[in-house]
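In terms of numbering that gives the first Met the number 0, the sequence shown has 138 at position 139, counting the first letter as 1, and numbering is strictly consecutive.
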Amino acid sequence: MKDTPLSNCERDFLLKAIEEKKRVDGRQTYDYRNIKITFGTDYGCCFVDLGKTRVMAQVSCELVTPKENRPNEGIMFFNIELSPMASPAFELGRQSELLVKLNRQLERCLRNSKCIDTESLCVVSGEKVWQIRVDVHMLNHDGNLMDAASVAAITALCHFRRPDVGIQGDEVTLYSVEERDPIPLSIYHMPICVSFAFFQQGTYLLVDPCEREERVMDGLLMIAMNKHREICSIQSSGGIMLLKEQVLRCSKIASVKVSEITELITKALENDKKARKEGGRCGFAESMPRERITALKMDETPVEMTDVMERANDIVQRGEAPPQMVPSPVLPAPGMGQVGEGLQNTWGLEEEEEEDDDDEEEEEEEEEEKVTMMEEEPRGKEESRGGDVVVISDSEEEEVVILHPEMTQAAAKNAGSSSGQKGAATSKKKTKK
Numbered sequence: 000m001k002d003t004p005l006s007n008c009e010r011d012f013l014l015k016a017i018e019e020k021k022r023v024d025g026r027q028t029y030d031y032r033n034i035k036i037t038f039g040t041d042y043g044c045c046f047v048d049l050g051k052t053r054v055m056a057q058v059s060c061e062l063v064t065p066k067e068n069r070p071n072e073g074i075m076f077f078n079i080e081l082s083p084m085a086s087p088a089f090e091l092g093r094q095s096e097l098l099v100k101l102n103r104q105l106e107r108c109l110r111n112s113k114c115i116d117t118e119s120l121c122v123v124s125g126e127k128v129w130q131i132r133v134d135v136h137m138l139n140h141d142g143n144l145m146d147a148a149s150v151a152a153i154t155a156l157c158h159f160r161r162p163d164v165g166i167q168g169d170e171v172t173l174y175s176v177e178e179r180d181p182i183p184l185s186i187y188h189m190p191i192c193v194s195f196a197f198f199q200q201g202t203y204l205l206v207d208p209c210e211r212e213e214r215v216m217d218g219l220l221m222i223a224m225n226k227h228r229e230i231c232s233i234q235s236s237g238g239i240m241l242l243k244e245q246v247l248r249c250s251k252i253a254s255v256k257v258s259e260i261t262e263l264i265t266k267a268l269e270n271d272k273k274a275r276k277e278g279g280r281c282g283f284a285e286s287m288p289r290e291r292i293t294a295l296k297m298d299e300t301p302v303e304m305t306d307v308m309e310r311a312n313d314i315v316q317r318g319e320a321p322p323q324m325v326p327s328p329v330l331p332a333p334g335m336g337q338v339g340e341g342l343q344n345t346w347g348l349e350e351e352e353e354e355d356d357d358d359e360e361e362e363e364e365e366e367e368e369k370v371t372m373m374e375e376e377p378r379g380k381e382e383s384r385g386g387d388v389v390v391i392s393d394s395e396e397e398e399v400v401i402l403h404p405e406m407t408q409a410a411a412k413n414a415g416s417s418s419g420q421k422g423a424a425t426s427k428k429k430t431k432k
């Protein structure tokens, strides 16, 4: 499976950040990622965490026949495995170009530098020697695999113990761990690789590049050095031309980083030895966080975020306002004219008329509400006084009067009396006639 390529936006962002001497993970130009070293239950098993890059190294040994040209020396064998667990781009059982390059660099760093006394691995000259095998497994790939592999390999070799051997005549006796204490390897020095990434044809330099930075880099320089400032191997890849001053500057930076990593390895070995001597728990399982609420806590970011808002506000206040673009007047040539010249612009008249109509309607509604309120006030007063007549409308054309029951009875009496009076008057007129 091919690795997902970077987009142009991501590539431009990374290169722009490198030009401004900034990195995606918040580190400075020469900063190394945090290194964590843990050991397994058995001797020779080591786990190294370089940021998110995780590597496991396992050392084993067996008695074999020596080489014909070197009958008095042991054999060192190194093997690196790029498993798909580390990255989907790695295929199991396939010799990729990256795998071959890492194997060769690790052999140059550890075997060709003579950091291990191979003559001490001889049991019987020409017959039996120890073969030391170092298997390095990549568990997670986040860049700079070579540095993590070199630290894991040399730490595992320092931590390894081979079984003791007894010779009686032609017989070779191999003692177990219970019978005799295992014997550590004879190590002269600890070579460690430090990688430098170059960008813009060597203009910019970064130490310990991560996986995304490796994708956009132009070249890589790997220097293997020990704490005595002895260069064990040096390798350049990428096809860039480096000056002598650049290589010397990288070697000075590497000497500082190697001394710090060597102290870290020595301290880790001492702590493991002390824990095993006291009978305490050790191994990879003990390095895992326990099942607690605070086990999966988030580490503090290395970037200071407290005054970010203040800086942003200062930048905004100090920034100049964008210039206002004023269109320059166009003077037509004599005899030429523009479309709509001399006419009245009516783009905004319709909206203004609609707004005026809305305002007039609102004013009319407010006046009607005021009139109704003024009409309701005298009605309430008349009802409170016990008035008999209720006026609904004051229009000039029609006047409607509502008669209450009391008024109807009084009107009926008045009507009866008036009709009686009229009947009496008519009877009187008839008698007179």
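Glycine is no exception: its CB is placed at the ideal position from the N, C-alpha and C atoms. The model shown is predicted, which means the values in this text are computed figures rather than measured ones.
Item to check | 4-residue-minimum alpha helix (DSSP H) runs that sit fully inside the region 191 to 267, ordered along the chain | outcome: 210 to 215
Item to check | Beta-carbon proximity check, Pro70 vs Gly125, cutoff 8 Å | outcome: yes
Next on the checklist: Let me confirm a value: Ile166 is counted as buried when at least 16 other C-beta atoms fall within 10 Å, else exposed. Which label applies?
Outcome noted: exposed
Next on the checklist: One question on the structure: do Leu105 and Ile79 come within less than 8 Å of each other, judged by their Cβ atoms?
Outcome noted: yes
Checklist entry - Taking one C-beta from the region 1 to 20 and one from the region 201 to 220 each time, how about it: are there three or more such pairs within less than 8 Å? => result yes
Item to check | Cβ separation of Ser82 and Asp2, assumed to be a contact under 8 Å, to the nearest whole Å | outcome: So it is not a contact: roughly 15 Å between Cβ atoms.
Item to check | Residue of Ala147, Gly318 and Lys127 minimising C-alpha distance to Asp48 | outcome: Ala147
Checklist entry - Who are the near neighbours of Ile34 in its chain, counting only those whose CB is closer than 8 Å to its CB and skipping five residues on each side? => result Val47, Asp48, Leu49, Val150, Ile260 and Leu263
Next on the checklist: How far does the beta strand (DSSP E) with His136 in it extend, from its first residue to its last?
Outcome noted: Lys127 to Asn139
Checklist entry - Hey, how far is the Cα of Arg214 from the Cα of Leu5? => result 8 Å
Next on the checklist: For the beta strand (DSSP E) containing Gln57, name the first residue and the last one.
Outcome noted: For Gln57, the enclosing beta strand (DSSP E) covers residues Thr52 to Val63.
Checklist entry - On the three-state DSSP scale, how would you describe Leu81? => result Note: Leu81 maps to strand in three-state DSSP.
Next on the checklist: Between which residues of its own chain and Lys427 is the CB-CB distance below 7 Å, once the five residues before and five after are set aside?
Outcome noted: Low per-residue confidence applies at Lys427: pLDDT is 47, beneath 50, and the placement is therefore not dependable, though the value from the model is reported in the following sentence. There are no such residues.
Item to check | Within 8 Å, strictly: CB atoms of Asp116 and Thr52 | outcome: no
Item to check | Cβ-based burial, Ile153 [other Cβ within 10 Å; buried from 16] | outcome: buried
Checklist entry - How many angstroms separate the CA atom of Gly386 from the CA atom of Lys369? => result Reliability fails at Gly386, whose pLDDT of 48 lies under 50, so the model's placement of it is uncertain and no value is given.
Checklist entry - Within the chosen definition, does the region 215 to 229 reach the region 182 to 200 through at least 3 CB pairs nearer than 8 Å? => result yes
Checklist entry - For chain B, is any of its Cβ atoms less than 8 Å away from the one on Asp2? => result Absent here is chain B; the protein component of the structure consists of one chain.
Checklist entry - Under a Cβ-count criterion, where at least 16 other Cβ atoms within 10 Å of its own Cβ denotes burial, should Ile36 be classed as buried or exposed? => result buried
Item to check | Which residues DSSP lists as bridging Lys35, in chain order | outcome: Per the DSSP secondary-structure output, Lys35 pairs in a beta bridge with Asp48.
Checklist entry - In terms of residue numbering, what span does the alpha helix (DSSP H) encompassing Cys108 cover? => result Glu96 to Leu109
Checklist entry - Could you give the distance in angstroms between the alpha-carbon of Val54 and the alpha-carbon of Leu101? => result 13 Å
Item to check | Which residues DSSP lists as bridging Gly165, in chain order | outcome: Thr172
Next on the checklist: One question on the structure: do Cys114 and Ser232 come within less than 8 Å of each other, judged by their Cβ atoms?
Outcome noted: no
Checklist entry - Quick one: what does DSSP say Met145 is sitting in, helix, strand or coil? => result helix
Checklist entry - Which residues bound the beta strand (DSSP E) around Val315? => result Following the DSSP letters along the chain, one finds Val315 in no beta strand (DSSP E) but inside the alpha helix (DSSP H) bounded by residues Val307 to Arg317.
Next on the checklist: Here's the rule I'm using: 16 or more other beta-carbon atoms within 10 Å means buried, otherwise exposed. How should Ile74 be labelled?
Outcome noted: buried
Checklist entry - So, His158 versus Cys60, is the Cβ gap smaller than 8 Å? => result no
Item to check | Distance between beta carbons of Met84 and Leu156, contact taken as under 8 Å | outcome: So it is not a contact: roughly 24 Å between Cβ atoms.
Checklist entry - Using DSSP with H/G/I as helix, E/B as strand and the rest coil, what is Arg160? => result strand
Checklist entry - Are the CB atoms of Gln200 and Asp217 nearer to each other than 8 Å? => result yes
Checklist entry - Between which two residues does the alpha helix (DSSP H) harbouring Cys121 extend? => result Unbroken run through Cys121 is the beta strand (DSSP E), Cys121 to Val123; no alpha helix (DSSP H).
Checklist entry - Taking C-alpha atoms, which residue in Glu96, Val171 and Gln94 lies nearest to Trp129? => result Val171
Next on the checklist: With DSSP as the reference, identify every bridge partner of Met492, one or two as the case may be.
Outcome noted: It is not possible to answer for residue 492, since the shown part of the chain is limited to 0 through 432.
Item to check | Phe89, DSSP secondary structure in three states | outcome: coil
Checklist entry - Could you give the distance in angstroms between the alpha-carbon of Lys127 and the alpha-carbon of Leu120? => result 9 Å
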